[in-house]
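A.B. asks: Below: one structure in structure tokens.
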Amino acid sequence: MSSFDIGIDLGTANTIITIGGKGIVINEPSVVAYDKKKHRVLAVGSDAYKMIGRTPEYIVAVKPLRDGVISDHETTEAMVAAFIKKVSGSMMLKPRIILCVPSSITDVENRAVIEAALSAGARKVYIIKEPIAALIGAGVDISKAAGTMVVDIGGGTTDIAVTSFNGIVQDISLKIAGNTFDEAIIKYISYKYKVLIGEKTAEQAKMQISNVYDPDENKKMVVKGRNLIKGLPEAIEISEKDTYEALKDLVEEISLGIKNVLERTPPELVGDILNSGIIMTGGGALLKGFDKYIHDAIGAPCRVADNPLECVARGVEAAFGLSEELLDGFEKISLYRYK
Ligand SMILES: Nc1ncnc2c1ncn2[C@@H]1O[C@H](COP(=O)(O)OP(=O)(O)OP(=O)(O)O)[C@@H](O)[C@H]1O
Ligand SMILES: [Mg+2]
């Protein structure tokens, strides 16, 4: 990978950009602030994140990839272009770009993102599938003719895939992931305590007091919200048991998704997975007890990759190196040349 190679993990929640030789140069929320009147980007990433919910009508500060679907082409393209500009500002040569996009986006949306990269100055654009990048980034050798299983739980989607010999054998993408977990916590707390909490509060509760395997009723946290009956602000104490109740059905659905993929996987590869285990990546893999839950439910060993939030980005970065080795293997490792 040379310094003119840019890797982009365009995630629903976070965008991580790598540059050859420098590693990760940007790791910021996938948010853009856009002036609709003047058709220009005002801020991107962390700066735009601070503006959410605080802008006048003609400025939008949005997460354009929320829930793994592109809600707005124009803002998504603008965000991608702004991120690329931010990292390639002083580069004289046009970069090669590998993009990892949410698996659930449509071909048209995919094309919009590719166009954005090209118009931002890319010489060539490649696309890599998220499960493949996640496994490479987790340090797994996917080139062998042996089955490996990855469960990447991001902000918008959970991608479950079985790979062998550099390719995807079976996969599924569920629209259940970090954002849905946050929403479920909001819903449960408003139902049980009649207090409406915000998205950021729910996310904090998920990170601090969630255990989907072995919840501890004594592990508590104070959250602030609005009492739905009185309409006034209120602070309440919630416990790990509450977040468990909120999340248990969603965790079970993900485990059913894993079963579904395994049922469609050839038996030889299932045997490999029983030996080598399931690898979990993405921010959702940090949910406490998730690996133990999957281990029990599926009966195969399960481990969370080191630094799960960065696996896809690291995999995208490494894919440039693999492209030399696998010259016409671009297809095989799910990369393709666009131009
Ligand atoms: N410690 C933690 N415990 C539970 N969830 C966490 C933790 N840290 C981060 N997350 C969640 O991980 C999600 C973001 O993960 P990630 O960056 O892998 O998603 P993404 O790549 O942007 O999304 P996608 O792959 O779906 O497009 C967020 O929903 C965030 O709340
Ligand atoms: Mg991701």
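By the count of the working numbering, the sequence shown reaches residue 426 at its end, each step adding exactly one. Using N, Cα and C, we set each Cβ at its ideal position, and we do this for glycine too.
Consult DSSP for threonine 250 and reduce its assignment to one of helix, strand or coil.
C.D. replies: Stepping through the sequence shown from its first residue, residue 250 is reached at position 163. Threonine 250 falls in the strand class under three-state DSSP.
A.B. asks: Kindly indicate which three-state DSSP category glutamate 321 falls into: helix, strand or coil?
C.D. replies: Looking up residue 321 in the sequence shown gives position 234. Looking at glutamate 321 - three-state DSSP - the assignment turns out to be strand.
A.B. asks: By Cβ distance below 6 Å, which residues in the same chain neighbour alanine 405 in space, the five residues on each side in sequence not counted?
C.D. replies: Within the sequence shown, residue 405 is the residue found at index 318, counting from 1. Only Ile223 meet the Cβ criterion.
A.B. asks: Mind checking which residues open and close the beta strand (DSSP E) that includes proline 218?
C.D. replies: As a position in the sequence shown, residue 218 is number 131, starting the count at 1. Segment 217 to 224 is the alpha helix (DSSP H) holding proline 218; no beta strand (DSSP E) there.
A.B. asks: In angstroms with no decimal places, state the Cα-to-Cα distance between valine 238 and proline 388.
C.D. replies: Along the sequence shown, one-based indexing puts residue 238 at 151. Along the sequence shown, one-based indexing puts residue 388 at 301. Whole-angstrom Cα-Cα distance: 13 Å.
A.B. asks: In the region 138 to 175, which residue ranges form an unbroken alpha helix (DSSP H) of at least 4 residues, counting only runs that do not cross its ends?
C.D. replies: DSSP runs (the alpha helix (DSSP H)) wholly in the region 138 to 175: 160 to 175.
A.B. asks: Let me check one thing: in DSSP terms, what residues is cysteine 187 bridge-paired to?
C.D. replies: Along the sequence shown, one-based indexing puts residue 187 at 100. Cysteine 187 is bridged to Asp96, Ile215.
A.B. asks: Residues bridged to lysine 109 by DSSP?
C.D. replies: For the purposes of this step, residue 109 is identified with residue 22 of the sequence shown, where counting begins at 1. Lysine 109 pairs with nothing; no bridge assigned.
A.B. asks: Please determine, among Glu340, Asn362, Thr163, the residue with the shortest C-alpha to C-alpha distance to serine 260.
C.D. replies: What you label residue 260 is simply residue 173 of the sequence shown in a count that begins at 1. Out of Glu340, Asn362, Thr163, Glu340 has the C-alpha closest to the C-alpha of serine 260.
A.B. asks: Would you kindly report the start and end of the unbroken alpha helix (DSSP H) that includes arginine 198?
C.D. replies: For the purposes of this step, residue 198 is taken as residue 111 along the sequence shown, with counting starting at 1. Segment 194 to 206, the alpha helix (DSSP H) holding arginine 198.
A.B. asks: Quick check on the DSSP output: what are the complete alpha helix (DSSP H) runs of length 4 or more inside the region 252 to 327, in order along the chain?
C.D. replies: Fully enclosed alpha helix (DSSP H) runs of 4 or longer: 265 to 280, 286 to 295.
A.B. asks: Kindly give me the distance between the Cβ atoms of lysine 181 and glycine 208, rounded to whole angstroms, as I take these residues to be in contact under 8 Å.
C.D. replies: If you number the sequence shown from 1, residue 181 lands on position 94. If you number the sequence shown from 1, residue 208 lands on position 121. The pair is a contact, with the Cβ atoms about 5 Å apart (cut-off 8 Å).
A.B. asks: If you follow the alpha helix (DSSP H) that valine 357 is part of, which residue opens it and which one closes it?
C.D. replies: The residue you call residue 357 lines up with position 270 of the sequence shown. Valine 357 -> alpha helix (DSSP H) spans 354 to 363.
A.B. asks: To the nearest angstrom, how far is the alpha carbon of glycine 408 from that of proline 151?
C.D. replies: Position 321 of the sequence shown holds residue 408. Position 64 of the sequence shown holds residue 151. If you take the alpha carbons of glycine 408 and proline 151, they lie about 31 Å apart.
A.B. asks: Rank Val299, Pro143, Ile284, Lys231 by C-alpha distance to the C-alpha of aspartate 359 and give the top, closest one.
C.D. replies: Counting from 1 along the sequence shown, the entry for residue 359 is found at position 272. Minimum Cα distance to aspartate 359 is reached at Lys231.
A.B. asks: May I ask which residues mark the beginning and end of the alpha helix (DSSP H) holding isoleucine 381?
C.D. replies: Taking the sequence shown and counting its residues from 1, one reaches residue 381 at position 294. Unbroken alpha helix (DSSP H) run through isoleucine 381: 377 to 385.
A.B. asks: How many angstroms separate the CA atom of arginine 183 from the CA atom of isoleucine 113?
C.D. replies: Stepping through the sequence shown from its first residue, residue 183 is reached at position 96. Stepping through the sequence shown from its first residue, residue 113 is reached at position 26. Arginine 183 and isoleucine 113: Cα-Cα distance of roughly 17 Å.
A.B. asks: How is aspartate 393 classed by DSSP in three states: helix, strand or coil?
C.D. replies: Here the question's residue 393 lines up with position 306 in the sequence shown. Looking at aspartate 393 - three-state DSSP - the assignment turns out to be coil, as it is neither helix nor strand.
A.B. asks: Please name the residue, chosen from Ile366, Asn394, Arg127, that lies closest to isoleucine 381 on a Cα-to-Cα basis.
C.D. replies: Residue 381 sits at position 294 when you count from the first residue of the sequence shown. The shortest C-alpha separation from isoleucine 381 is found at Ile366.
A.B. asks: In chain order, what residues of the same chain lie with their CB nearer than 8 Å to the CB of asparagine 197, ignoring the 5 residues before and after it?
C.D. replies: The sequence position of residue 197 within the sequence shown is 110, counting from 1. For asparagine 197, where only same-chain residues beyond five positions count, the Cβ hits under 8 Å are Val188, Ile214.
A.B. asks: Could you tell me whether the region 273 to 291 touches the region 326 to 334, using the rule of 3 or more Cβ pairs below 8 Å?
C.D. replies: Yes, since at least three Cβ pairs between the region 273 to 291 and the region 326 to 334 fall closer than 8 Å, the two stretches touch.
A.B. asks: Closer than 8 Å to a non-hydrogen atom of ligand 2 - does that hold for the CB of proline 116?
C.D. replies: Position 29 of the sequence shown, counting from 1, holds the residue named residue 116. Checking every heavy atom of ligand 2 against the Cβ of proline 116, none is found closer than 8 Å.
A.B. asks: Out of Lys281, Lys123, Thr105, state which residue places its alpha-carbon closest to the alpha-carbon of asparagine 314.
C.D. replies: Residue numbering aside, residue 314 sits at position 227 when the sequence shown is read from its first letter. Here the closest residue by C-alpha is Lys281.
A.B. asks: How many Å lie between glycine 243 and isoleucine 316 at the Cα?
C.D. replies: The residue you call residue 243 lines up with position 156 of the sequence shown. The residue you call residue 316 lines up with position 229 of the sequence shown. Each residue's Cα considered, the two are about 31 Å apart.
A.B. asks: Which whole-angstrom value describes the C-beta separation of threonine 105 and alanine 400, a residue pair presumed to lie in contact below a C-beta threshold of 8 Å?
C.D. replies: Here residue 105 is taken as the residue at index 18 of the sequence shown, counted from 1. Here residue 400 is taken as the residue at index 313 of the sequence shown, counted from 1. Threonine 105 to alanine 400, Cβ: 6 Å. Contact.
A.B. asks: For alanine 199, which residues in the same chain have their Cβ closer than 8 Å to its Cβ, ignoring the five residues on either side in sequence?
C.D. replies: Within the sequence shown, numbered from 1, the residue matching residue 199 stands at position 112. Excluding positions up to five away in sequence, the list reads Ile157, His160, Thr163, Glu164.
A.B. asks: What first and last residue would you give for the beta strand (DSSP E) that runs through aspartate 122?
C.D. replies: Walking along the sequence shown from the start, residue 122 turns up at place 35. That run of the beta strand (DSSP E) goes 119 to 122.
A.B. asks: Below 9 Å between beta carbons: does that hold for threonine 245 and alanine 264?
C.D. replies: Position 158 of the sequence shown, counting from 1, holds the residue named residue 245. Position 177 of the sequence shown, counting from 1, holds the residue named residue 264. Cβ distance < 9 Å, so threonine 245 and alanine 264 count as in contact.
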